Amino acid sequence: MQAWIWISIAAAFSQNLRFMLQKHLKSTSFSTAGATFSRFIYSAPLVCVLIFLYARISDQALPAIPSVFWPYALIGGLSQILATMCVVALFAERNFAVGITFKKTEVVQTALVGFIVLGEAVTTPGLIAIGIGFWGVILLSDPPKGKVTHWSQRLFNRASALGLGSGVLFAFSAVGYRGASRSLGLDDVVLSAGTTLAIVASYQALIMAVWLAWRERGEITKVLRHWRVAGLVGITSMIGSFCWFAAFTLQNAAYVKAVGQIELLFSFITGLVVFKEKTSGRELAAMGLITASILLLILVT
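Following the UniProt record's numbering, the numbering of the sequence shown begins with 1 at its first residue and continues without gaps.
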């Protein structure tokens, strides 16, 4: 398999670990914003140090940042913050595996946003693979039995809104990061992805810190006090984000996100083993469709 596929799988695995840790924080005393902040405050300084050391060791200068970089990076960074908050809030509505699966609508939406913003087309076989995965996600829009009183609630409910909302936002995030990384014009994928990540993560940490200081000051103290778990959130976030950025630099963002659907399998195992959650037959069928879409996409790209 091509390198970008392995990198995408590594990104999905790291992201699953991060969401597992954030679900743990959310289930304790953290607010949605506090659990989200934990991923940025610890990852930002670490990635800045690492990319500086990499540039020194590889005897390269840090790249000049073109003006076109900033709109992509700022939109991508803000979208990722809001998308992460949607997913963390979603964990209170549905179980871990279902929550992660809901956000996977990002694949179809990434293809659409990528076409509109970057002019990147998806092949017909690629669209078929993405469509199969999206149909699997549709199966999950139906809430558990006993939680609906009207037919409209089967499709239009808080969980669906959070899931689809996170998908839209992650789509803009993915396309924004690909545009930002490519604008640097570097042949070195590590330096390009690392520089983009360092700038975006620093901006995200600053934005979240200002927001929490204004609206939820106690959450900053909680994140610092629970540094062991929150620090792990930051480390897994850094690894996952770097892998995503590297994959986006190498391949169409829609294809990268489609391979990233393998996160669903990781989340199912996590929900079963770590959180002792049960999954219905319908949910398993949906996961099967999404897995099939991953395999098909790998074969056609």
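For every residue, glycine included, the Cβ atom is placed at its ideal position computed from N, Cα and C.
None of the values given here were measured: they were computed from a predicted structure.
Relative to the C-alpha of residue 5, which candidate in 269, 264, 260 has its C-alpha closest? 260
Integer Cβ distance of residue 195 from residue 78, believed to fall under 8 Å: Rounded, the Cβ-Cβ distance is 19 Å, inconsistent with contact.
On the three-state DSSP scale, how would you describe residue 193? helix
With respect to the alpha helix (DSSP H) encompassing residue 268, which residues constitute its N-terminal and C-terminal limits? 263 to 273
Counting only runs of 4+ residues fully inside the UniProt domain "EamA" (161 to 298), write out the alpha helix (DSSP H) ranges in chain order. 189 to 215, 217 to 225, 227 to 250, 253 to 259, 263 to 273
Burial state of residue 278 (16 or more Cβ within 10 Å): exposed
Using a Cβ-Cβ cutoff of less than 7 Å, which residues in the same chain neighbour residue 68 once the five nearest sequence positions on both sides are dropped? 183
Measure from the alpha carbon of residue 285 to the alpha carbon of each residue in 223, 138, 169, then state which is nearest. 138
Same chain, Cβ closer than 7 Å to residue 205, neighbours up to 5 away in sequence not counted: 40, 41, 44
So which of 269, 281, 263 has the shortest CA-CA distance to residue 290? 263
Going by CA-CA distance only, name the one from 275, 207, 271, 83 that's closest to residue 162. 83
Give me the residue from 293, 46, 200, 56 with the minimum Cα distance to residue 255. 293
Going by the CB atoms, is the gap between residue 189 and residue 118 shorter than 9 Å? no
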